[in-house]
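Working notes, beginning with the structure itself.
Protein chains: 2
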Amino acid sequence: MTDQPQGAVKTRLYVESPLAEGQSVGLDHERAHFLRHVLRLDRGDAVAVFNGRDGEWRAVIDGFGKGWCSLTVAQQRRVQSAAPDLWLLFAPLKKGRIDFVAEKATEMGVSRLWPVFTRRTDPNRVNSDRLRANAIEAAEQCERLSVPELVEPLPLARALADWPADRRLFLCAEAGNARPIAEAMRETGPCPAALLIGPEGGFDQSELDELGKLPFVVPVGLGPRILRADTAVVAALACWQSLSGDWTADGGDTRPPFRSPTEPTV
Amino acid sequence: MTDQPQGAVKTRLYVESPLAEGQSVGLDHERAHFLRHVLRLDRGDAVAVFNGRDGEWRAVIDGFGKGWCSLTVAQQRRVQSAAPDLWLLFAPLKKGRIDFVAEKATEMGVSRLWPVFTRRTDPNRVNSDRLRANAIEAAEQCERLSVPELVEPLPLARALADWPADRRLFLCAEAGNARPIAEAMRETGPCPAALLIGPEGGFDQSELDELGKLPFVVPVGLGPRILRADTAVVAALACWQSLSGDWTADGGDTRPPFRSPTEPTV
Numbered sequence: 618m619t620d621q622p623q624g625a626v627k628t629r630l631y632v633e634s635p636l637a638e639g640q641s642v643g644l645d646h647e648r649a650h651f652l653r654h655v656l657r658l659d660r661g662d663a664v665a666v667f668n669g670r671d672g673e674w675r676a677v678i679d680g681f682g683k684g685w686c687s688l689t690v691a692q693q694r695r696v697q698s699a700a701p702d703l704w705l706l707f708a709p710l711k712k713g714r715i716d717f718v719a720e721k722a723t724e725m726g727v728s729r730l731w732p733v734f735t736r737r738t739d740p741n742r743v744n745s746d747r748l749r750a751n752a753i754e755a756a757e758q759c760e761r762l763s764v765p766e767l768v769e770p771l772p773l774a775r776a777l778a779d780w781p782a783d784r785r786l787f788l789c790a791e792a793g794n795a796r797p798i799a800e801a802m803r804e805t806g807p808c809p810a811a812l813l814i815g816p817e818g819g820f821d822q823s824e825l826d827e828l829g830k831l832p833f834v835v836p837v838g839l840g841p842r843i844l845r846a847d848t849a850v851v852a853a854l855a856c857w858q859s860l861s862g863d864w865t866a867d868g869g870d871t872r873p874p875f876r877s878p879t880e881p882t883v
Numbered sequence: 618m619t620d621q622p623q624g625a626v627k628t629r630l631y632v633e634s635p636l637a638e639g640q641s642v643g644l645d646h647e648r649a650h651f652l653r654h655v656l657r658l659d660r661g662d663a664v665a666v667f668n669g670r671d672g673e674w675r676a677v678i679d680g681f682g683k684g685w686c687s688l689t690v691a692q693q694r695r696v697q698s699a700a701p702d703l704w705l706l707f708a709p710l711k712k713g714r715i716d717f718v719a720e721k722a723t724e725m726g727v728s729r730l731w732p733v734f735t736r737r738t739d740p741n742r743v744n745s746d747r748l749r750a751n752a753i754e755a756a757e758q759c760e761r762l763s764v765p766e767l768v769e770p771l772p773l774a775r776a777l778a779d780w781p782a783d784r785r786l787f788l789c790a791e792a793g794n795a796r797p798i799a800e801a802m803r804e805t806g807p808c809p810a811a812l813l814i815g816p817e818g819g820f821d822q823s824e825l826d827e828l829g830k831l832p833f834v835v836p837v838g839l840g841p842r843i844l845r846a847d848t849a850v851v852a853a854l855a856c857w858q859s860l861s862g863d864w865t866a867d868g869g870d871t872r873p874p875f876r877s878p879t880e881p882t883v
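Protein chains in written order, with my numbering: chain A, 618 to 883; chain B, 618 to 883.
This is the structure:
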């Protein structure tokens with residue numbers, strides 16, 4: 618057992634298993650390797666685990682085997698809290714930029730990540746496993762209690778075909794009529810929301826025209842510069858979170874858990 | 618001369634020279650190579666140039682030599698407009714992440730980029746040439762008419778020693794007392810502003826305490842998740858631009874110039 622104060626945890630892991638006191642949790646080869654050979658943890662060391670349903674728990678390493686690690690769940694550290702109801706629809710970008718979108722959108726608290734193909738979308742497929750791995754890693758790192766739901770990629774028109782009537786879709790449009798984002802979001806107020814970010818080449822004009830006719834679409838402008846798609850993702854999510862999301866509340870619950878220098882979580 | 622409509626430009630370049638009709642502009646080896654061998658431009662082709670003072674101009678390639686290219690400035694395309702007065706003070710990050718900060722902060726419209734060393738800042742030096750090259754590239758790409766001023770890196774305390782009394786410094790604090798960012802920025806209103814983003818490991822508690830005592834410092838919170846420093850840069854800048862900066866205005870001037878698919882600017 619490495620030298621650490623009682624209660625301190627050496628990392629945070631997302632798991633699928635149910636979490637409750639005394640529950641056993643098995644980790645796969647990759648996680649076991651990470652704990653043993655990267656973090657150099659041993660039997661008796663503690664990690665934090667969360668599964669998106671049962672809050673965050675301290676769990677203690679029982680032992681390692683060839684390609685596995687088992688943990689026993691001990692005390693609860695945080696109770697599950699509701700996450701904002703915020704979807705991100707985005708045109709897939711090339712590798713590197715799409716990794717970034719998954720990481721940043723997760724940090725920014727989206728509940729659903731949804732790749733959609735627009736007319737000028739360059740990549741015509743998405744590596745969903747890679748997207749999910751990036752989202753999980755970001756959730757572990759940023760102290761989220763959940764991982765965004767990853768929805769099957771679809772052509773934009775199909776994604777919008779069964780759109781829920783009460784959910785506003787903020788269209789981040791680099792051309793055409795659009796109101797300043799803060800003004801439009803303030804007027805809309807808190808509600809189930811989604812943001813739509815186009816591809817690097819922008820939306821097609823006909824696409825913007827069609828989108829503008831949909832009753833749930835609110836075109837918004839992100840200022841006078843042309844933002845890269847990955848920049849627009851973070852920027853638009855920041856506007857929503859700060860005006861209508863979980864960045865609006867004062868108080869202890871809304872501040873990140875304090876991470877002391879002696880208790881790294883990564 | 619490649620086949621392009623009159624007036625169309627094939628790329629956008631930042632130059633140091635004064636710009637006015639008939640003026641000659643020389644490009645260095647790297648730019649000349651880029652125009653000739655990457656974009657495959659030739660004598661008579663047009664590019665757009667800007668220098669941060671004289672607006673944006675169409676310029677025509679006169680010819681290439683060994684390691685140079687000369688242009689003649691033709692018509693003005695856009696007049697110079699005022700940029701927001703917004704500084705970004707940030708703790709240097711490792712390569713990759715700091716490139717990202719330079720790119721994103723430029724797209725987000727900062728007027729001054731200022732690396733500052735905090736107690737837990739990991740890299741102890743900054744490659745200013747690289748930072749500047751990233752900022753220039755982003756300015757060319759995002760249709761800005763200027764490049765952020767790059768200030769000599771300093772320890773945080775020294776950067777704050779001669780702070781202008783009328784400039785608010787929004788401290789993006791992951792711990793301690795801080796008001797929700799939108800609320801704090803709305804109350805402060807439009808004014809000369811600066812944002813301070815700490816290092817990956819966060820500020821030291823004593824550092825936060827000292828910062829909190831300075832009359833121009835406004836601590837702000839960015840929600841319940843721990844954001845990476847590079848995420849916090851884009852998010853905090855988006856809040857300021859959308860509430861107090863140049864994303865607030867309606868109207869033609871505040872929409873990006875339309876970039877048609879047949880007129881790529883990169």
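All residues carry an ideal CB built from backbone N, CA and C; glycine is no exception.
Scanning chain B for C-beta atoms nearer than 7 Å to the C-beta of Leu860/A yields Ala799, reported in chain order. Leaving aside the five residues that flank Arg670/B on each side, the residues in its chain whose CB is nearer than 7 Å to its CB run, in chain order, Gln697. The region 703 to 713 of chain A makes contact with the region 839 to 849 of chain A: 3 or more CB pairs, one atom from each, lie closer than 8 Å. For the pair Leu703/B and Arg695/B, the Cα-to-Cα distance works out to about 22 Å. Taking the Cα positions, Ala625/A is about 8 Å away from Val664/A. By the criterion of a C-beta distance shorter than 7 Å, Asp821/B is surrounded in its chain by Arg736, Arg737, once the five residues flanking it on both sides are discounted. Contact of Pro816/A with chain B is not assigned, every C-beta pair being separated by 8 Å or more.
For Ala866/B, the neighbours in chain A by C-beta distance under 8 Å run, in chain order, Pro797. Excluding residues up to 5 positions away in sequence, Arg629, Ala665, Val666, Phe667, Gln693, Arg694, Arg695, Leu762 lie with their Cβ nearer than 8 Å to the Cβ of Glu673/B in the same chain. Against Leu839/A, the close residues of chain B are Trp864, in the order they occur along the chain (beta-carbon pairs closer than 7 Å).
Here the C-alpha atom of Glu720/A lies approximately 15 Å from the C-alpha atom of Ile814/A. Taking C-beta atoms as the reference points, Ala810/A and Met725/A fail to come closer than 8 Å. Within the same chain, no Cβ atom closer than 6 Å to the Cβ of Lys683/B is found once the five residues on either side in sequence are excluded.
Where Val764/A is concerned, there is no enclosing beta strand (DSSP E), because DSSP gives it neither an H nor an E. Of all alpha-carbon atoms in Pro765/B, Glu824/B, Ile798/B, the one lying nearest the alpha-carbon of Trp857/A is that of Ile798/B.
Residue environment: Ser823/B is assigned as exposed (fewer than 16 neighbouring CB atoms within 10 Å of its CB, all protein chains considered). Taking a Cβ-Cβ cut-off of 7 Å, the neighbours of Leu844/B in chain A comprise Glu724, Cys759, given in sequence order.
Interface annotation, Val851/A: in contact with chain B, CB-CB separation under 8 Å. Rounded to the nearest whole angstrom, the CA to CA distance from Gly840/B to Leu688/A is 31 Å. Here Lys830/A is exposed: its Cβ has fewer than 16 other Cβ atoms, across all protein chains shown, within 10 Å. The beta carbon of Thr848/B sits closer than 8 Å to some beta carbon of chain A.
If you compare the alpha carbons of Asp863/A, Thr865/A, Val851/A with that of Ile715/A, the shortest gap goes to Val851/A.
Interface annotation, Ala752/B: not in contact with chain A, CB-CB separation never under 8 Å. Annotated three-state conformation of Phe734/B is strand, per DSSP. Nearest Cα to Asn794/B within the set Pro836/B, Ala750/B, Val743/B, Leu706/B: Pro836/B.
Listed along the chain, the chain A residues whose CB falls inside 7 Å of the CB of Lys721/B are Thr848. Of the other Cβ atoms in all chains shown, fewer than 16 fall within 10 Å of the Cβ of Gly639/A; this residue is therefore exposed. Between Ala855/B and chain A, the shortest Cβ-Cβ separation is below 8 Å. In the structure shown, Arg629/B adopts extended strand secondary structure according to DSSP, grouped into three states. In this structure, the alpha-carbon of Ser859/A lies about 13 Å from that of Glu800/A.
Sequence-distant Cβ neighbours of Ala691/B in its own chain, meaning closer than 8 Å and more than five residues away, are Glu638, Ala663, Trp674, Arg675, Ala676, Val677. The residues Arg785, in chain order, have a CB closer than 6 Å to that of Cys808/A in the same chain once the five nearest residues on each side in sequence are set aside. When the alpha-carbon of Glu760/B is set against those of Asp779/B, Asn741/B, Asp826/B, Ala700/B, the nearest one is in Ala700/B. Arg660/B and Leu636/B have their C-alpha atoms roughly 20 Å apart.
When C-alpha distances from Gly838/B are compared across Asp863/A, Ala782/A, Asp679/A, Lys627/A, the shortest belongs to Asp863/A. Boundaries of the beta strand (DSSP E) harbouring Ile814/A: 810 to 814, taken from the DSSP string.
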